[in-house]
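There are 2 protein chains.
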Amino acid sequence: MSEIAADPTHPRYQSLLMRHRLEQAAKKGMLADSALIAHGRGEAFDYLLGEQTIPSALIATKHALGLLMAAERPVLSLNGNAVALAGSELLQLASRLGCPVEINIFYRTPERMEALLTHLHELQSALGLEVPIFGAAPDARIPGLEGPRAKCCKDGIFSADVLLVPLEDGDRCEALVAMGKTVLVVDLNPLSRTAQLASVTIVDELSRVVSNMNELSHQSSEVLMSPSFHNSEVLSSSLDHIAEFLAEKRD
Amino acid sequence: MSEIAADPTHPRYQSLLMRHRLEQAAKKGMLADSALIAHGRGEAFDYLLGEQTIPSALIATKHALGLLMAAERPVLSLNGNAVALAGSELLQLASRLGCPVEINIFYRTPERMEALLTHLHELQSALGLEVPIFGAAPDARIPGLEGPRAKCCKDGIFSADVLLVPLEDGDRCEALVAMGKTVLVVDLNPLSRTAQLASVTIVDELSRVVSNMNELSHQSSEVLMSPSFHNSEVLSSSLDHIAEFLAEKRD
Chain A
279 MSEIAADPTH PRYQSLLMRH RLEQAAKKGM LADSALIAHG RGEAFDYLLG EQTIPSALIA
339 TKHALGLLMA AERPVLSLNG NAVALAGSEL LQLASRLGCP VEINIFYRTP ERMEALLTHL
399 HELQSALGLE VPIFGAAPDA RIPGLEGPRA KCCKDGIFSA DVLLVPLEDG DRCEALVAMG
459 KTVLVVDLNP LSRTAQLASV TIVDELSRVV SNMNELSHQS SEVLMSPSFH NSEVLSSSLD
519 HIAEFLAEKR D
Chain B
279 MSEIAADPTH PRYQSLLMRH RLEQAAKKGM LADSALIAHG RGEAFDYLLG EQTIPSALIA
339 TKHALGLLMA AERPVLSLNG NAVALAGSEL LQLASRLGCP VEINIFYRTP ERMEALLTHL
399 HELQSALGLE VPIFGAAPDA RIPGLEGPRA KCCKDGIFSA DVLLVPLEDG DRCEALVAMG
459 KTVLVVDLNP LSRTAQLASV TIVDELSRVV SNMNELSHQS SEVLMSPSFH NSEVLSSSLD
519 HIAEFLAEKR D
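Protein chains in written order, with the working numbering: chain A, 279 to 529; chain B, 279 to 529.
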């Protein structure tokens, strides 16, 4: 980690810390080749949002958290980047919600699954938590997807009614919505297929989202949910925010 | 490479091909840890430009090419991503301009320099070109920079009057401008320090830029250069283009 990133008062500390976590995860074999490129795309959109939680993203975060709290079978679906960027914080959230997590990755290989499961169990042990961790033995399939990416666990993602799937790809988001699930995504690009297809799209950086959720988790689901929530309004609002950012810079 | 990327008629073929080239270069040890993240940031901005050469970028490309042609000592400065994304095309451009290239990387290690020099000499040999390739034995320093990133070659970058430095970092761009050089950069983020500090900023994807330059290289420098070129207008125009893209998507 560079000297800049070691200084928490540096304005880009958080961004550099996330980059560092990802580079470490890559060295441990937790990530697909395309993971760092995907993170870079996210960095660019976060830059255009001013590297902050914008008001509409906070509304979406609260609404999503309320839905998870009110769910009968909530599950947090984790891919490589999610584990790398906010593994501990996601386990804490699952513990507070009393729900399982499931490792579910796009480019599934035994080596990557093993690296991710080992890492997550180490984090869980260090935190003293007892969150059920699914993913090691998939025994169900998501209809409409082909190959290894369809694999999931029957008592995890397959049976969930409300799913948090940060950093999901468009095809799988679509397939999960088609199963009738409420799909909550975290995606910094408000124009992505995932962002457009999800039930609730949080246009914000993942570690900030999970930190916000953990801080808000003492509130009740009734207080957190917006009765008039429309995901299209959240998406439009984030586009407006980026356009304003560009207009300010242009002047 | 995925099946999508193997199909040149796929709308995202070019983008997926660039990603593939970068992943191959990473495996050969040509890239720093942060190179894939930087590429991802570029991908996001390219997406917002519609993955095309916008009119103001073509004006900047022509002007930059004209300046290189009219220069006394033009040099193309190449970093890891530039070699990975458009190594062959950059050698062809240097050959047409009759100028040297110099490998000049931010995180300089003997292993990365060796990997890049080897790769570039292999490309040169396959193309049957005889472009002078500097970088192996730096014997000068760029004033105002500290550590290995200041290293350069006396007969290359140090003595150049016009420099093409694609994908440059802000500090080095500033230091090269301070030396009195005309600094031409390729940067997909029109708001970056590099984009703001350069003499000419081409807001476009590198392989498209070099391809455009090679196609335009039979024209004369007088025809290519814009007498009333203002870099700030190029930057404003690219921000306008992104804002229009977002507005279209919002409607």
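Glycine residues also receive a C-beta, built at the ideal position from the N, C-alpha and C atoms.
Bear in mind that the values here come from a model prediction, so they are computed numbers and not experimental data.
- Straight across, the Cα-Cα distance linking B:Leu369 with B:Gly406 is about 10 Å.
- Residue pairing of B:Cys430 in beta bridges, as defined by DSSP: B:Ala418.
- Counting only residues of its own chain and dropping the five nearest sequence neighbours on each side, B:Pro378 has a CB closer than 8 Å to the CB of Val353, Leu354, Ala372, Val409, Pro410, Ile411, Phe412, Asp433, Gly434.
- Across the set B:Val440, B:Ser470, B:Ser334, B:Ala313, the C-alpha of B:Ala313 shows the shortest separation from the C-alpha of B:Arg390.
- If you draw a straight line from the Cα of B:Gly458 to the Cα of B:Lys429, it is about 17 Å long.
- Counting of Cβ neighbours within 10 angstroms places B:Ser477 among the buried residues, the total reaching 16 or more.
- Rounded to whole angstroms, B:Asn490 and B:Gly358 show a C-alpha spacing of 21 Å.
- For A:Ser516, the enclosing alpha helix (DSSP H) begins and ends at 509 to 528.
- A straight line joining the alpha-carbon of A:Asp324 with that of B:Leu494 spans about 36 Å.
- Note that the C-beta distance between A:Val361 and A:Leu327 is not below 8 Å.
- DSSP places A:Pro286 outside both helix and strand once states are collapsed to three, so it counts as coil.
- Under the Cβ criterion (8 Å, minimum of three pairs), the region 332 to 350 of chain B does not count as touching the region 291 to 299 of chain B.
- A:Ser293 carries a helical assignment under DSSP once its states are collapsed to helix, strand and coil.
- For A:Phe507, the closest of A:Thr479, A:Pro468, A:Arg486, A:Leu517 by C-alpha to C-alpha distance is A:Thr479.
- Residues of the region 305 to 331 of chain B with a C-beta less than 9 Å from any C-beta of chain A: Lys305, Asp311, Ser312, Ala313, Leu314, Ile315, Ala316, His317, Gly318, Arg319, Gly320, Glu321, Ala322, Phe323, Tyr325, Leu326, listed in chain order.
- Only Arg297 from the region 283 to 297 of chain B bring a Cβ to less than 8 Å from some Cβ of chain A.
- In the same chain as B:Arg486, and ignoring 5 residues on each side of it, the C-beta atoms closer than 7 Å to its own belong to Thr331, in chain order.
- Take the alpha-carbon of A:Ser437 and the one of A:Leu517: they are about 34 Å apart.
- For B:Ile411, the beta-bridge partners assigned by DSSP are B:Val379.
- The alpha carbon of B:Leu454 has as its nearest neighbour, out of B:Asp439, B:Leu356, B:Val464, the alpha carbon of B:Asp439.
- At least 8 Å separates the beta-carbon of B:Leu502 from that of B:Lys305.
- DSSP, reduced to helix, strand and coil, places A:Ile332 outside both helices and strands of the structure shown, so it counts as coil.
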